[in-house]
Amino acid sequence: MGGIVAYGAYVPYHRLERSAIGATLGSGGGQGTRAVASYDEDTTSMGVEAARIALADLSGGAGVERLYFATASPAYLDKTNAAAIHAALGLSPEAAAFDMGGAVRSGVGAFWAGAEARVPTVVVLSDIRVGLPGGSDERDGGDGAAAFLFDGDGDVPVLAEVVGEAVRSAEFIDRWRLPGDAVSRVWEERFGETVYLPLARGAFADALERAGLGPKDVDHLVVTGVHPRAVRSAAALTGVPAEAVVDDLTSVIGNTGTAHPGLVLADVLDRAGAGELIALLVLADGASVVLLRTTEALVSRRAARSVADQIAAGRPGLSYATFLSWRGFLPRQPPRRPDPRGPSAPAAYRSLHWKLAFTGSRCRTCAMVYLPPRRACASCGTIDEMDPAPLADVTGTVATFTIDELAYTPSPPLVGAVVDFDGGGRLRCQLTDVDPDELRVGDRVEMTFRRIVTAEGIHNYFWKARPRRHA
Amino acid sequence: MIMSRGICDRVAIVGMGCTRFGERWDQSLDDMLVDAAKEAVASAGVTLDAVEAFWLGTQISGISGLTLSRPLGIHDRPVTRVENMCATGSEAIRNACYAVAAGAYDVAMAIGGEKLKDSGIAGLPPAFVSDDGTGPDLSAPANFSLLCPAYSEKYGLDGAQLKEVLTRLAWKNHYNGARNERAQFRREVSKEVIARSPRVAGNLGIFDCSGVADGAAAAIIVRAEDAHRYTDRPLYVKGLSFVAGPAAGSADPEYDFTSFPEVVASARDAYEQAGVTDPRAEIAMAEVHDCFTPTELVLMEDLGFSERGRAWKDVLDGVFDLEGELPVNPDGGLKAFGHPVGATGLRMMFEAWLQLRGEAPPERTIKSVASGRKLAVTHNLGGVPGQCVSFLSVVGVEPNA
Chain A
269 MGGIVAYGAY
279 VPYHRLERSA
289 IGATLGSGGG
299 QGTRAVASYD
309 EDTTSMGVEA
319 ARIALADLSG
329 GAGVERLYFA
339 TASPAYLDKT
349 NAAAIHAALG
359 LSPEAAAFDM
369 GGAVRSGVGA
379 FWAGAEARVP
389 TVVVLSDIRV
399 GLPGGSDERD
409 GGDGAAAFLF
419 DGDGDVPVLA
429 EVVGEAVRSA
439 EFIDRWRLPG
449 DAVSRVWEER
459 FGETVYLPLA
469 RGAFADALER
479 AGLGPKDVDH
489 LVVTGVHPRA
499 VRSAAALTGV
509 PAEAVVDDLT
519 SVIGNTGTAH
529 PGLVLADVLD
539 RAGAGELIAL
549 LVLADGASVV
559 LLRTTEALVS
569 RRAARSVADQ
579 IAAGRPGLSY
589 ATFLSWRGFL
599 PRQPPRRPDP
609 RGPSAPAAYR
619 SLHWKLAFTG
629 SRCRTCAMVY
639 LPPRRACASC
649 GTIDEMDPAP
659 LADVTGTVAT
669 FTIDELAYTP
679 SPPLVGAVVD
689 FDGGGRLRCQ
699 LTDVDPDELR
709 VGDRVEMTFR
719 RIVTAEGIHN
729 YFWKARPRRH
739 A
Chain B
368 MIMSRGICDR
378 VAIVGMGCTR
388 FGERWDQSLD
398 DMLVDAAKEA
408 VASAGVTLDA
418 VEAFWLGTQI
428 SGISGLTLSR
438 PLGIHDRPVT
448 RVENMCATGS
458 EAIRNACYAV
468 AAGAYDVAMA
478 IGGEKLKDSG
488 IAGLPPAFVS
498 DDGTGPDLSA
508 PANFSLLCPA
518 YSEKYGLDGA
528 QLKEVLTRLA
538 WKNHYNGARN
548 ERAQFRREVS
558 KEVIARSPRV
568 AGNLGIFDCS
578 GVADGAAAAI
588 IVRAEDAHRY
598 TDRPLYVKGL
608 SFVAGPAAGS
618 ADPEYDFTSF
628 PEVVASARDA
638 YEQAGVTDPR
648 AEIAMAEVHD
658 CFTPTELVLM
668 EDLGFSERGR
678 AWKDVLDGVF
688 DLEGELPVNP
698 DGGLKAFGHP
708 VGATGLRMMF
718 EAWLQLRGEA
728 PPERTIKSVA
738 SGRKLAVTHN
748 LGGVPGQCVS
758 FLSVVGVEPN
768 A
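Line by line, the protein sequences are chains A and B.
Under this note's numbering, the first residue of the first sequence is numbered 269, with each subsequent residue one higher.
Under this note's numbering, the first residue of the second sequence is numbered 368, with each subsequent residue one higher.
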């Protein structure tokens with residue numbers, strides 16, 4: 269049977285202290301923090317970051333033949349968001365890319381579909397959870413992404429085998445959002461709890477029974493879902509010992525919705541030993557259970573960047589006003605400059621490998637690297653003697669930089685830098701997730717896939733540099 | 368290495384005109400082009416009918432030769448519209464000079480104009496080209512502010528020292544502009560006000576930036592042998608160079624943001640054409656492209672006026688002041704005269720025209736001409752550090768021996 273052969277999660281850099289909500293509004297808020305997608309991130313860009321971490325140690329896209337992307341907060345409708353992730357990862361044009369969008373439950377559904385696929389399949393789960401100011405969704409939500417590569421017969425060893433599954437589906441009104449609305453609505457929570465708990469109990473018992481296991485065999489129980497009260501109660505109903513119930517990270521990053529089962533699972537995989545049983549129980553319009561058994565390979569092939577490290581590297585202290593403006597609830601006066609323009613569709617299509625996959629060109633004659641790619645070498649004068657130079661995973665150094673108070677950016681000021689890449693190549697680009705006052709010439713940076721701006725109804729995706737905070 | 372033959376002493380400027388620069392709410396581009404052209408032909412003692420061909424420089428205020436032929440009522444003659452970013456005005460001069468030197472025309476006009484203040488935005492209006500959206504989109508001041516940390520680090524200045532140097536450059540150009548009735552900004556500004564002005568980008572404040580302005584300027588260019596038919600004091604063109612770089616500095620980590628290689632190349636070429644071997648000692652004055660204060664600082668070294676790493680000291684020592692050894696931007700420069708893009712190169716030439724011919728007002732007259740120097744340099748730059756175009760001219764009041 270197949271299973272997970274690689275995984276990775278992405279936790280955005282910024283943290284909102286929940287107490288900041290009450291401090292501004294006079295009520296609401298609470299304890300702990302939530303992870304916040306920056307102004308230049310969306311579910312697609314965070315999905316790219318998670319998938320990059322998952323595929324970091326596998327060359328050439330690891331022969332991926334299918335990509336499923338699930339989110340309840342898609343950057344585009346009608347248009348496939350998985351296509352941008354597919355392009356950013358440089359996957360083969362022959363690999364399929366599909367969205368499973370709209371509902372939080374799509375996350376576990378995509379995971380399930382990946383686990384059952386007969387070809388190497390990447391599953392990307394991503395979400396940005398939005399609530400009205402002062403409400404519980406704003407407070408308890410979080411932003412993040414997770415990605416899993418499933419395979420069974422390839423050269424890459426399985427890290428966690430799928431050993432059981434069960435599901436209950438149910439139609440009832442608990443949490444919903446009309447298309448076009450910014451925020452969701454919820455029914456009175458005691459009703460939902462009453463419906464969810466029997467579904468959870470039934471699905472969990474089925475999965476264990478089919479696998480020939482009992483609740484005490486579970487080493488790590490992950491329970492997530494759209495109904496916090498039901499999630500808390502369900503863990504106790506499973507019969508799994510309390511010490512095996514995993515911290516669901518909501519106190520530090522919030523509930524990342526579609527991404528959350530994947531994010532918490534990634535955190536468990538970051539530290540689980542070999543031969544351990546992980547149970548995943550997801551409450552969303554029913555109950556879904558996946559049982560996974562870790563292997564010896566996990567210990568030596570964990571994610572390139574752990575969830576715990578990303579949580580530790582997060583930056584607290586995001587002002588509530590900034591948070592509101594990033595989520596569109598506090599529009600700010602733009603500079604007295606022309607409105608930004610969207611990219612040209614044909615121009616973006618022609619430069620897909622550059623724009624989405626950050627591939628420049630390297631001169632075969634003199635090894636000079638060009639970002640963006642050029643056909644004529646300015647150094648040695650040869651023409652059309654270039655090879656592709658993929659640089660998304662190459663680190664660089666800040667040669668010089670500036671803080672631009674005049675240029676348009678959704679979150680001023682724009683921080684610009686000239687970045688010199690290790691092994692050749694220079695780019696003038698934007699920096700993100702950076703404190704301008706701490707920036708210095710010589711700082712080490714890495715590239716991150718971002719939504720530069722949304723203009724003329726088009727999301728302009730490209731890469732920015734960010735300070736390197738992980739080894 | 369550039370190898371241009373040059374056209375030293377083949378053509379001469381015999382008439383010039385320049386409007387007042389600034390927020391010309393009262394004037395359209397047509398008005399300003401008419402005013403500049405009218406003053407230029409009057410200065411050459413001819414009528415418009417005598418001009419056989421026209422080169423119009425404007426970056427974004429109009430397209431095609433019709434932008435000039437319609438307001439001026441020009442019949443049956445060529446008008447070529449040229450554009451080369453902020454060096455657009457100089458490109459008009461260069462092409463008109465070559466046309467006369469080639470023998471195609473005896474009398475040509477180079478004219479440049481720009482209408483920026485109708486846009487309603489702050490800073491220079493961008494020239495939009497449809498693209499893939501991967502440009503860094505830094506503003507012009509941000510791009511030029513990249514020079515600052517690089518220069519400081521290379522030559523061991525701390526942030527405060529560099530700020531003092533930049534402030535002095537802005538102070539000097541405002542001092543000069545205050546003595547120029549055509550300038551956009553006609554008041555001296557204290558160093559304290561300059562240093563504390565609101566930040567625009569990096570360590571550049573508002574007062575480190577050139578003025579966004581409307582304006583126009585024009586020159587009449589004739590064959591050198593005909594020059595004295597028009598004026599007793601023609602301005603002979605000694606050297607013209609234009610370099611469009613391969614944007615190497617944006618791709619090559621070797622480029623360190625303390626120089627404009629394109630400027631160095633164009634200066635070498637123009638000096639060679641003009642027979643200039645020691646610019647610091649031979650040049651009476653220079654109009655240089657002080658779009659932002661660090662640009663002027665770096666240009667002093669690129670143009671050979673200061674040794675590498677020494678320009679900041681020369682600036683503080685007053686070498687380039689109005690009363691200094693080699694006055695730079697005696698008319699106030701882009702900083703105080705204002706920067707209507709297409710007109711700027713011609714405005715630079717206008718100051719050389721006035722100073723070398725002794726026509727600058729007494730309060731702005733440089734001393735280097737009286738002490739025997741006879742050459743002026745105009746330097747015009749387009750683009751940003753790492754990828755730019757550079758124009759250099761050398762002009763003088765006497766033919767070379």
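Note that the Cβ used here is the ideal one computed from N, Cα and C, for glycine as well.
In whole angstroms, give me the CA-to-CA distance for residue i and residue j.
i	j	result
residue 621 (chain A)	residue 501 (chain B)	12 Å
residue 381 (chain B)	residue 596 (chain B)	9 Å
residue 629 (chain B)	residue 638 (chain B)	14 Å
residue 706 (chain B)	residue 646 (chain A)	31 Å
residue 541 (chain A)	residue 567 (chain A)	7 Å
residue 704 (chain A)	residue 285 (chain A)	21 Å
residue 675 (chain A)	residue 713 (chain A)	22 Å
residue 737 (chain B)	residue 692 (chain B)	12 Å
residue 641 (chain A)	residue 625 (chain B)	25 Å
residue 445 (chain A)	residue 453 (chain A)	6 Å
residue 579 (chain B)	residue 659 (chain B)	12 Å
residue 392 (chain A)	residue 458 (chain A)	32 Å
residue 672 (chain A)	residue 700 (chain A)	13 Å
residue 549 (chain A)	residue 312 (chain A)	25 Å
residue 555 (chain B)	residue 745 (chain B)	24 Å
residue 405 (chain B)	residue 384 (chain B)	7 Å
residue 218 (chain A)	residue 507 (chain B)	Within the shown structure, residues of chain A are numbered from 269 to 739, placing residue 218 (chain A) beyond reach of any answer.
residue 367 (chain A)	residue 616 (chain B)	42 Å
residue 689 (chain A)	residue 657 (chain A)	11 Å
residue 398 (chain A)	residue 388 (chain A)	33 Å
residue 555 (chain A)	residue 543 (chain A)	25 Å
Which term fits residue i, buried or exposed, when burial requires 16 or more other beta carbons within 10 angstroms of its beta carbon?
i	result
residue 648 (chain A)	exposed
residue 729 (chain B)	exposed
residue 767 (chain B)	exposed
residue 623 (chain A)	buried
residue 601 (chain A)	exposed
residue 360 (chain A)	exposed
residue 765 (chain B)	exposed
residue 614 (chain A)	exposed
residue 617 (chain A)	exposed
residue 594 (chain A)	buried
residue 592 (chain B)	exposed
residue 481 (chain B)	buried
residue 663 (chain B)	buried
Based on Cα-Cα distance, which residue from the options lies nearest to residue i?
i	options	result
residue 569 (chain A)	A:623, A:322, A:516	A:322
residue 477 (chain B)	B:492, B:506, B:491, B:446	B:446
residue 479 (chain B)	B:720, B:529, B:582, B:614	B:582
residue 607 (chain A)	A:722, A:589, A:390	A:722
residue 378 (chain B)	B:441, B:396, B:389, B:460	B:460
residue 351 (chain A)	A:316, A:374, A:325, A:382	A:316
residue 386 (chain A)	A:334, A:479, A:301, A:650	A:334
residue 632 (chain A)	A:625, A:655, A:610	A:655
residue 474 (chain A)	A:629, A:575, A:697, A:558	A:558
Is residue i near the ligand GDP, going by C-beta to nearest heavy atom under 8 Å?
i	result
residue 317 (chain A)	This structure lacks the ligand GDP, and indeed carries no ligand of any kind.
> Which residue spans inside the region 424-482 of chain B form an unbroken beta strand (DSSP E) run of at least 3?
Replying inline: 446-449, 474-481
> Closer than 8 Å, Cβ to any Cβ of chain B: which residues of the region 606-624 of chain A, in chain order?
Replying inline: 606, 608, 609, 610, 611, 612, 615, 616, 618, 619, 622, 623
> Can you list the alpha helix (DSSP H) stretches of 4 or more residues lying completely in the region 282-315 of chain A, in chain order?
Replying inline: 286-293
>> Closer than 8 Å between beta carbons: that is the criterion. Which residues of the region 520-549 of chain B meet it against chain A?
In response: 520
>> For a minimum of 4 consecutive residues, which ranges assigned as the alpha helix (DSSP H) are wholly contained in the region 480-520 of chain A?
In response: 496-505
> Listed from N- to C-terminal order along the chain, which residues in the region 625-652 of chain B have their beta-carbon within a distance smaller than 8 Å of any beta-carbon of chain A?
Replying inline: none
> Of the residues that make up the region 566-581 of chain B, which ones have a beta carbon closer than 7 Å to any beta carbon in chain A?
Replying inline: 566, 567, 568, 569
>> For a minimum of 3 consecutive residues, which ranges assigned as the beta strand (DSSP E) are wholly contained in the region 676-741 of chain B?
In response: none
>> Report the start-end ranges of each alpha helix (DSSP H) in the region 603-655 of chain B that is 4 residues or longer and not cut off at the edges.
In response: 628-641, 646-649
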